[in-house]
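I have placed the structure first, in the form of structure tokens, so that the comments after it can refer back to it.
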Amino acid sequence: DGGITQSPKYLFRKEGQNVTLSCEQNLNHDAMYWYRQDPGQGLRLIYYSQIVNDFQKGDIAEGYSVSREKKESFPLTVTSAQKNPTAFYLCASSIDSSYSEPQHFGDGTRLSIL
Amino acid sequence: RKEVEQDPGPFNVPEGATVAFNCTYSNSASQSFFWYRQDCRKEPKLLMSVYSSGNEDGRFTAQLNRASQYISLLIRDSKLSDSATYLCVVKSTGRRALTFGSGTRLQVQP
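Protein chains in written order, with our numbering: chain A, 272 to 385; chain B, 41 to 150.
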């Protein structure tokens, strides 16, 4: 079945630690995105990538980093510089970043601080 | 001012009721509009796109008013399974990703 797989489902971060969230898609989509959702709030864009080896900062990129070495993979690293990392992280993809193409989501990773 | 604004609710309605949500957007360059549904602690899922002429999908009707910059979602004959948060989503010129509202929570009661 085609889809977006995020792992792990739950992740705990210690003080000063970097953690990496995995996102893989087998939909052959060019564009991939990372969002963060805090309780009672909408999704906020962290980073996006329109094509392999290219990515752009979103609205809240500070404290995060990404890579896009393969079309199907777009991992997100939450660095120790991100002081408030506790949130629900959602990865999405779309055929491309054109206006009419909606995004499809993975089932998310919940990150908490130990 | 937020780019996409929604009434957070909750809207508590009995089964079988008709309920409507509105959403306003501030960017007049917005080009594409969608409603997503999000169940508690789950990922958002596309419910329907919103077209300029309005569109219907079963019990769900979406409308777009470009002049007043708002989108609406009407749910007829509400079911218990409709209980969820409904996210208004906009795609604007110059932005490569979607902009999400904070969502409107619907609780359908027996």
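We treat Cβ as the ideally placed atom computed from N, Cα and C, and that holds for glycine.
Can you tell me which of the options puts its alpha carbon nearest to the alpha carbon of residue i?
| i | options | result |
| --- | --- | --- |
| S351/A | S278/A, K341/A, E286/A | E286/A |
| E55/B | L138/B, T144/B, F61/B, D117/B | D117/B |
| A332/A | S344/A, Q353/A, E343/A, V323/A | Q353/A |
| D378/A | R135/B, N105/B, P84/B | P84/B |
| L314/A | T139/B, N105/B, Q103/B, G98/B | T139/B |
| E295/A | L282/A, T357/A, R339/A | R339/A |
| R81/B | N355/A, G274/A, Y281/A | Y281/A |
| S383/A | F376/A, Y335/A, F359/A, S368/A | F359/A |
| L146/B | V44/B, N105/B, Y76/B, L104/B | Y76/B |
| V148/B | R41/B, V59/B, E43/B, D97/B | V59/B |
| C152/B | L113/B, R99/B, D97/B | The requested residue 152/B does not occur in the structure, where chain B is confined to residues 41 to 150. |
| N289/A | I275/A, Q312/A, N355/A, P310/A | N355/A |
Taking residue i and residue j to be in contact with their CB atoms under 8 Å, please state how far apart those CB atoms are, rounded to whole angstroms.
| i | j | result |
| --- | --- | --- |
| A69/B | S132/B | 5 Å |
| A107/B | G329/A | Between G329/A and A107/B the Cβ distance is about 30 Å, and since that is not below 8 Å, they are no contact. |
Spatial neighbours of residue i within its chain, please: CB distance less than 8 Å, with the 5 preceding and 5 following residues excluded, ordered by chain position.
| i | result |
| --- | --- |
| P373/A | S365 |
| K341/A | V323 |
| N95/B | M88, S89, T101, A102 |
Quick check: the Cα distance between residue i and residue j, rounded to an integer number of angstroms?
| i | j | result |
| --- | --- | --- |
| I111/B | F73/B | 8 Å |
| T101/B | L385/A | 45 Å |
| Q308/A | L361/A | 8 Å |
| F61/B | V53/B | 12 Å |
| Y304/A | K119/B | 32 Å |
| N297/A | L316/A | 22 Å |
Report all residues from its chain with a CB closer than 7 Å to the CB of residue i; omit the five preceding and five following residues, and keep chain order.
| i | result |
| --- | --- |
| Q13/B | Lying outside 41 to 150, the shown extent of chain B, residue 13/B is not represented and no answer is given. |
Apart from the five residues just before and just after residue i, which ones in its own chain have a Cβ nearer than 6 Å to its Cβ?
| i | result |
| --- | --- |
| T291/A | P346, T348 |
| V337/A | Y318, F326, L347 |
| A302/A | Q321, S365, D367, S368 |
The region 45-65 of chain B / the region 83-91 of chain B touching (three or more Cβ pairs under 8 Å): no
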